[in-house]
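J.: Sharing a structure here in structure tokens format.
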Amino acid sequence: MRRLFDDELADLDSSFTEMGELVAKTIKAAVQSFIKHDRDGARGIIDNDYKINEREAALEKKTFEMIALYQPVTTDLREIVTILKAVSVLERMGDQARNIATSTIRVKGTKHILSIEKQLGEMGELVATMVSEVMSYYVKNDALGSEAIAAKNHQLSNAAAQIRTEAVKGMKEDPELVDSAADYLVIAGYIKRIGDYTTDIAEWIVYKRTGKIIELNPGYNYFI
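307 is the number that this note's numbering gives the last residue of the sequence shown; the numbers go up by one with no jumps.
Encoded structure:
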């Protein structure tokens with residue numbers, strides 16, 4: 084029975100990390116579609132959003148089945164609970180990627196601020212890296228590494244604040260930039276939320292490793 088449980092838990096871990104990598108790639112692709120004004124790429128992201136939702140549903144079902152069948156305790160239970168909680172966070176990240184793609188399709192502005200689009204691309208790269216890293220910390224059972232995610236999320240907050248300043252300045256200086264600048268604010272907000280969600284997963288990894296509930300996000304720092 085123990086060997087069977089270990090095999091199923093290993094499979095659960097593998098499926099969870101695969102979902103995390105899929106979400107990281109989707110986030111990166113969504114941001115790139117926006118800054119490249121690639122509506123076809125954005126539609127592809129929206130069309131494939133169901134894949135993330137299906138993975139979440141399958142993983143949740145599997146965790147409930149394992150809890151009911153094996154009645155795990157202590158570290159085994161914490162590992163399953165961590166996955167159960169974290170998959171819903173990954174799904175919400177996927178929703179934000181879809182929102183970015185939706186914004187790419189509806190964008191109306193004809194004038195753009197290239198410096199802001201460059202910053203948004205950098206934010207997208209950073210947050211996608213954060214997602215990949217937090218999944219790596221999960222595999223390594225690295226609580227200290229997970230706590231370091233909060234520091235990178237602070238960088239993301241600073242970048243989002245800078246974009247807000249530049250976007251508002253652009254609106255004031257050129258009325259033709261209003262639509263584009265408004266979209267920049269929205270996209271930066273979506274990326275920032277993904278960063279906050281990443282620290283949520285980091286908190287669950289700390290719980291998995293130590294059994295302690297900690298707060299790495301002392302309040303969501305939404306700036307819009």
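All residues carry an ideal CB built from backbone N, CA and C; glycine is no exception.
Tell me the start and end of each unbroken alpha helix (DSSP H) in the region 134–201 that is at least 4 residues and wholly inside, in chain order.
T.: Runs of the alpha helix (DSSP H) inside the region 134–201: 157–189.
J.: Assign N300 to one of three DSSP states: helix, strand, or coil.
T.: Walking along the sequence shown from the start, residue 300 turns up at place 217. The answer is coil: DSSP assigns N300 none of H, G, I, E or B.
J.: Taking just the CA atoms, how far does L173 sit from Y280?
T.: Walking along the sequence shown from the start, residue 280 turns up at place 197. Walking along the sequence shown from the start, residue 173 turns up at place 90. Between Y280 and L173, the C-alpha separation is close to 8 Å.
J.: Less than 8 Å between the C-beta atoms of T282 and I246, yes or no?
T.: Position 199 of the sequence shown, counting from 1, holds the residue named residue 282. Position 163 of the sequence shown, counting from 1, holds the residue named residue 246. It is not a contact, given that the beta carbons lie outside the stated cut-off.
J.: Helix, strand or coil, according to DSSP, for I307 in the structure here?
T.: For the purposes of this step, residue 307 is identified with residue 224 of the sequence shown, where counting begins at 1. A caution first: I307 carries a pLDDT of 37, below 50, which makes its placement in the model unreliable, though a value can still be read off. Three-state result, I307: coil.
J.: Verify whether the separation of the beta carbon atoms of E249 and I188 is less than 8 Å.
T.: In the sequence shown, counting from the first residue as 1, residue 249 sits at position 166. In the sequence shown, counting from the first residue as 1, residue 188 sits at position 105. Going by C-beta atoms, E249 is not nearer than 8 Å to I188.
J.: Does R115 pass the burial test, meaning 16 or more other C-beta atoms within 10 Å, or should it be called exposed?
T.: As a working mapping, residue 115 is identified with position 32 in the sequence shown. The sequence given here places Gln at residue 115; Arg does not occur at that position. Q115 should be labelled buried.
J.: Can you confirm whether the region 99–109 touches the region 211–219 when touching is taken to mean that 3 or more C-beta pairs between the two stretches lie within less than 8 Å?
T.: Yes, the region 211–219 is in contact with the region 99–109.
J.: Hey, could you find the ends of the alpha helix (DSSP H) H237 is sitting in?
T.: Residue 237 sits at position 154 when you count from the first residue of the sequence shown. Start and end: 226–256.
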